[in-house]
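In our numbering, the protein residues as written are 475 to 673.
Even for Gly, the Cβ is constructed at its ideal location relative to N, Cα and C.
Quantities reported herein were computed from a predicted structural model and do not represent experimental measurements.
Here the structure is laid out as structure tokens; the discussion comes afterwards.
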């Protein structure tokens, strides 16, 4: 019996450790080995888990923080887009009952802008005519050498500015109309898809 206890004790203490050994390489290139408690140098580093004879069993790759942040932000953006699309679909279905209503809504939104464009075009025509008159007067004053040239050139400054502002406003309103047409075309197309899904 005593021999059995002695052999069992020797057997236990002569067995190599069955715990896996882990290794990491720090920023300076030094290898750190550990069994249970990871040294601070190994935080955010790739670790290698080895068996009792040193054969690599598993490699634990540490993901780059920027990749994780980018992936998280992309996932958040995708979820936000899905929620926004659902909300938009619900609003579309609760606002309109037919494609005709979408067309009427588009016409209602575009009509005031078209009226504004008509008014701007009339004001622009008047401003351009005024500018042409001043340019002709300035050319005549320059030919004859009259002292009124400086006064005419001063009068041209605000008129030129008005023409430029009116042209910009006209372009802006045309862009608004095009944007509304695109939006309503997109709404009409999505409405058709949603109605087809409900049937």
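- Out of 552, 567, 512, 557, the CA that lies nearest to the CA of residue 671 is found in 567.
- Judged by beta-carbon spacing, residue 605 lies within the 7 Å limit of residue 633, meaning their Cβ atoms are closer than that value.
- Between residue 497 and residue 507, the C-beta spacing is below 7 Å.
- Taking a C-beta distance under 7 Å as the contact criterion, residue 499 and residue 505 qualify as a contact pair.
- For the set 636, 617, 574, 643, the Cα lying nearest the Cα of residue 663 is the one of 574.
- For residue 496, the enclosing beta strand (DSSP E) has its first and last residue at 495–499.
- The region 592–611 and the region 634–644 touch, with three or more beta-carbon pairs separated by less than 8 Å.
- Restricting attention to 625, 552, 551, 658, the CA atom closest to the CA of residue 582 is found in 658.
- Distance between residue 579 and residue 621, taken at the CA atoms: about 58 Å.
- Counting the other CB atoms within 10 Å of its CB gives residue 601 a total of 16 or more, which places it among the buried residues.
- The residue among 619, 616, 590, 577 with its C-alpha nearest the C-alpha of residue 660 is 577.
- If you look at residue 625, you'll find it in the alpha helix (DSSP H) that goes 623–672.
- In this structure, DSSP gives residue 565 a helical state, which the three-state scheme calls helix.
- Looking only at 603, 514, 651, the smallest Cα-Cα distance to residue 637 is reached by 603.
- For residue 534, the three-state secondary structure derived from DSSP is strand.
- Spanning the alpha carbons of residue 525 and residue 503 requires a straight line of approximately 22 Å.
- Each residue's CA atom was taken as its position, placing residue 652 and residue 569 some 22 Å apart.
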